[in-house]
Structure formats: C-alpha cells, structure tokens
Amino acid sequence: MSNYIELNANKVYPKGNAKISKKDSGEILVTELSKSTDGVTIDTNGENKFELSLQPVNINAGLVFGASMNILDKYKRVKTVAQWAYHYEPGKDYSVLAVNSLLEGKEILVQFFKNGQEVHQYTVINQPNSQHTNWIGLVLSLVASVATAVISAIDYEKTTTVTTGPDGKTTTTVTTKKSFGGGGSAKKSSSPNDPSGHVDFDHIYITSSRVFDTEVYEELDGPIKEVVFTGNFEKLELQSISNI
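Numbering (my numbering), first residue to last: 8 to 251.
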C-alpha cells in the first residue's frame, strides 16, 4: 500500500472505496465513505497510546462506524487487541456503542464526562470466554438527541503491570482504556429497560483489564501497529494524530 498521506508522522491509507487528500491547512479529507467497510488504516508507529481528532461529525440513525486496534506480536503476526462499533438499533429509540467482548476483561467500566468532570459511571459484567457472545452493548445513545450527538475524537491507551505471587509465578495485568469524544445523551445503564433516565456527556471512557502469564504475554503482545477506522460517514476530516 503506497497510496498514503502522513498526518503528524502517522501514515494514513485509504480502505475500501475511500479516497484521501490533504487540505492546504494540513488536515486529511476522507471521502466516498458509503459503506461501513470504507475508511482509513493508520500506521501508528508502534506506540501504546493513540489519539485521533476529527472535525465533529453529526451522528444520525443510519450511521454505522467502528475501529479495530491491531498489534504485531513477537513473531510479527497481526492480532486485533481492541475493537468497538456503533450502530443504530432498528425500531428502538437508541443506538448502541458496543465492544468485542472476546477482547475485554470480566468487568468493563463505563464513565461519562462533561466539561472535564465525571458525571456518571457503571460497570458491565462481561463473559470474555463465552462462545455465544461476540459483541456486548455498553452505551445506549438516545436517538432523540441526534441533533446534538457528535463524534470528534477516538483514543486508545494501554498500560501493563507485572506482579509476582507468593509462589514465584509472574503475571501481567493489561489495562486498556478507549475513549470517544464528542457529545450527546445516553441512558444511565446498558440495559434498554432500565428506567433511571439519561445523562448528557462530551466524553465516554471504557476501561477493562485482563491478566496473563508473563512469559506467554511477552510472546503474544506488542505495541499498537495500526488503527483501522471505518464507517459510512460519506466524508471525514482527520485533524490530528498524537501518540504521546
């Protein structure tokens, strides 16, 4: 793939039917995003943190978008370590922000922020080893607020902690945090039947941890190599990318 444009030293490639071009102001314009498989693949320089800022996009009922974070392990194999998607729920008054449950820990913390302050949180119990579930809905955004619901940023950060137990066995705890900037209104629970009302937000954080045998983890893990961001936006404007 040689057809790329650099944004803050990150290579941005078109995916699917997408077309990319660089504006005079430096931002990357992505057009012809008609399908949920159209978008961009971003070479993230092998960092553990990724922040993408977008020109705010209004979220409507027909919008389907998502992102996958891929690594190269010790053997240079590609592996997806985090994946999320947003879609409208037909016949309902909400849309769903979901994550790939097989890539998350047993407890997933969902936090809502407004003007830099946490305004609400809840924990979703996950079954990461279940063969009957692949996607788990975490956030139910109210379609009634579609006029003000926007996405303006996606972030990913990974931290690791190594612990040695009394038996001398060493484990590595991997904590991942994904965040979505923008704004809107969401139900106060991941359950569609919960009557507790809704909360207004401008940022959502999703955090979970998984524990691995350290020896195995060092073979199978690696820094983020690429982020694949897709959706039927029609067009997107990528403003900046940070790995710091």
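The beta-carbon is built from N, C-alpha and C at its ideal position, and this holds for glycine as well.
- When C-beta atoms of the segment 139-147 are compared with those of the segment 88-103, three or more pairs fall below 8 Å, so the two segments count as touching.
- Residue pairing by DSSP puts THR177 in a beta bridge opposite THR171.
- Each residue's CA atom was taken as its position, placing ASP174 and ASP220 some 13 Å apart.
- Between the segment 122-140 and the segment 174-183 there are fewer than three C-beta pairs closer than 8 Å, too few to call the two in contact.
- Of the other Cβ atoms in all chains shown, 16 or more fall within 10 Å of the Cβ of VAL131; this residue is therefore buried.
- With 16 or more neighbouring CB atoms inside 10 Å of its own CB, ALA193 falls in the buried class.
- Taking the C-beta atoms as reference points, LEU110 is found no nearer than 9 Å to GLU244.
- Excluding the 5 residues flanking it on each side, ASN107 has same chain C-beta neighbours closer than 6 Å at GLN90, in chain order.
- Per DSSP, reduced to three states, the secondary structure at GLU233 is strand.
- Contact between ASN250 and LYS56 holds, since their C-beta atoms are separated by about 6 Å, short of 8 Å.
- Between PHE208 and LYS121, the C-beta spacing is below 9 Å.
- Here ILE66 has TYR93, SER102, SER148, VAL153, ALA156, VAL157, ILE158, GLY189, GLY191 as same chain residues with Cβ atoms under 8 Å from its own Cβ, once five neighbours each way along the sequence are excluded.
- The C-alpha of ILE115 lies about 8 Å from the C-alpha of SER216.
- Contact between the segment 163-171 and the segment 193-206 is absent, with fewer than three C-beta pairs closer than 8 Å.
- The bridge partners DSSP lists for PHE120 are GLU125, HIS210.
- When the Cα atoms are used, GLU54 and ILE143 turn out to be separated by approximately 27 Å.
- For GLY73 against GLY204, the beta-carbon gap comes to about 27 Å, at or over 8 Å, which does not count as contact.
- According to the DSSP assignment, TYR224 belongs to the alpha helix (DSSP H) that extends over 221-227.
- The continuous beta strand (DSSP E) containing ILE248 extends over residues 241-249.
- With a threshold of 16 other beta carbon atoms within 10 Å, GLU233 meets it and is buried.
- Taking a contact as a CB-CB distance under 8 Å, the pair LEU40 and ALA25 counts as one, their CB atoms being some 6 Å apart.
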